[in-house]
């Protein structure tokens, strides 16, 4: 489950481990991957034909899928700014995805340059892009670790996480659009509980999750089936099931809402309640 961990940046951003490595043989461009499908949905260029095919099938089933992905990305930025405004200076971002504008470290360190961000992902292409990003300057203490969300002990023990974050101080646990790739058999609720158990009081859970509640049952089934060729299937859950991830926590206003309705910078558009992704931020 967990694999090698790499420091990707020093506190000054002047160095990066692993620079100049040959491309990974594990990229498997013929197999669609959730991170690259998401990149295709938001209009990125870091994806392959297999990823674009799944994205096309998903949007054929649910035309709002691309708008939902963009709304999810905007939620991430607002949630990070909120966490930083509340004084949280440490972020554990699991399921990082391919870096693009408005990354967690960019948003957090624009508020406080001393903010520390530990990224975790299990996709080699994500690591390759992160390595390139972190080899430049202009960012503070940031690491990228290759590990699997389902192996929580390995995630928390990885040097890129353990040596960067101080778990005696509040941490924002970022689980943004990742848990719907964890099946019920893999115990997503237990995963979240184990991660939260490692965090002190005052920490935050930042979570978004795809749902089939806001589309027809036929659309939800087609959306899930569109991921059949991908490296990981998608598991849409009801709003009530998603709310279970926040059991025992205190949800910040406005609670568990669709992505455009979580503390929007501008008035949500007419499709705000049709985008099938719920979002929430809660305090431990």
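In my numbering, the protein residues as written are 72 to 355. Yeah, the Cβ is synthetic: ideal placement off N, Cα and C, and Gly gets one too. Since the model is a prediction, treat every value here as computed from it, not as a measurement.
message: Quick check on DSSP: helix, strand or coil for residue 249?
response: In this structure, residue 249 counts as coil in the three-state DSSP scheme.
field: Selection from 102, 355 and 265 that minimises the alpha carbon distance to residue 196
entry: 102
message: For residue 298, report the span of its alpha helix (DSSP H) as first-last.
response: Counting along the chain, residue 298 falls outside any alpha helix (DSSP H), and DSSP gives it neither H nor E.
query: When DSSP builds the beta bridges, which residues end up paired with residue 187?
result: 161
query: In terms of residue numbering, what span does the beta strand (DSSP E) encompassing residue 351 cover?
result: 348-354
message: Let me confirm a value: residue 315 is counted as buried when at least 16 other C-beta atoms fall within 10 Å, else exposed. Which label applies?
response: exposed
message: If contact is defined by three or more beta carbon pairs under 8 Å, each pair taking one atom from either stretch, is the region 152-160 in contact with the region 257-264?
response: no
query: In or out: residue 139 buried (at least 16 other Cβ within 10 Å) or exposed?
result: buried
- request: Please report how far the alpha carbon of residue 190 lies from the alpha carbon of residue 107, in whole angstroms.
  value: 17 Å
message: Restricting to Cα atoms, I'd like to know which of 115, 323 and 241 is closest to residue 271.
response: Checked all of 115, 323 and 241; the closest Cα to residue 271 is 241.
- prompt: Is it buried or exposed for residue 321, if we count other Cβ within 10 angstroms and need 16 for buried?
  reply: exposed
- request: Could you have a look at residue 225 and say whether DSSP puts it in helix, strand or coil?
  value: helix
query: With a Cβ-Cβ cutoff of 8 Å, do residue 248 and residue 143 count as a contact?
result: yes
Identity of the residues DSSP links to residue 142 by a beta bridge: Paired residue(s): none; residue 142 is not in a bridge.
message: Using only the alpha-carbon positions, how far apart do residue 230 and residue 222 sit?
response: 15 Å
- request: Please confirm whether residue 307 and residue 283 have their CB atoms less than 8 Å apart.
  value: yes
query: Quick one: Cα of residue 198 to Cα of residue 215, how far?
result: 7 Å
query: Any idea what DSSP makes of residue 175, helix, strand or coil?
result: helix
- prompt: Roughly how many angstroms separate the alpha carbons of residue 124 and residue 112, rounded to a whole number?
  reply: Rounded to whole angstroms, the gap between the alpha carbons of residue 124 and residue 112 is 11 Å.
message: By the three-class DSSP mapping on this structure, what secondary structure does residue 192 have?
response: strand
Supposed close pair residue 234, residue 104 - CB separation, criterion 8 Å: The pair is not a contact, with the Cβ atoms about 28 Å apart (cut-off 8 Å).
field: Closest by C-alpha distance to residue 333, when choosing among 232, 131, 285 and 148
entry: Closest option to residue 333, Cα to Cα, is 148.
query: Can residue 150 and residue 277 be called in contact, C-beta distance under 8 Å?
result: yes
- prompt: So, helix, strand or coil for residue 167, using DSSP?
  reply: coil
message: I want to check one thing, is the minimum distance from the CB of residue 314 to the heavy atoms of the ligand GTP below 7 Å?
response: Looking for the ligand GTP in the displayed structure turns up nothing, as the structure carries no ligands at all.
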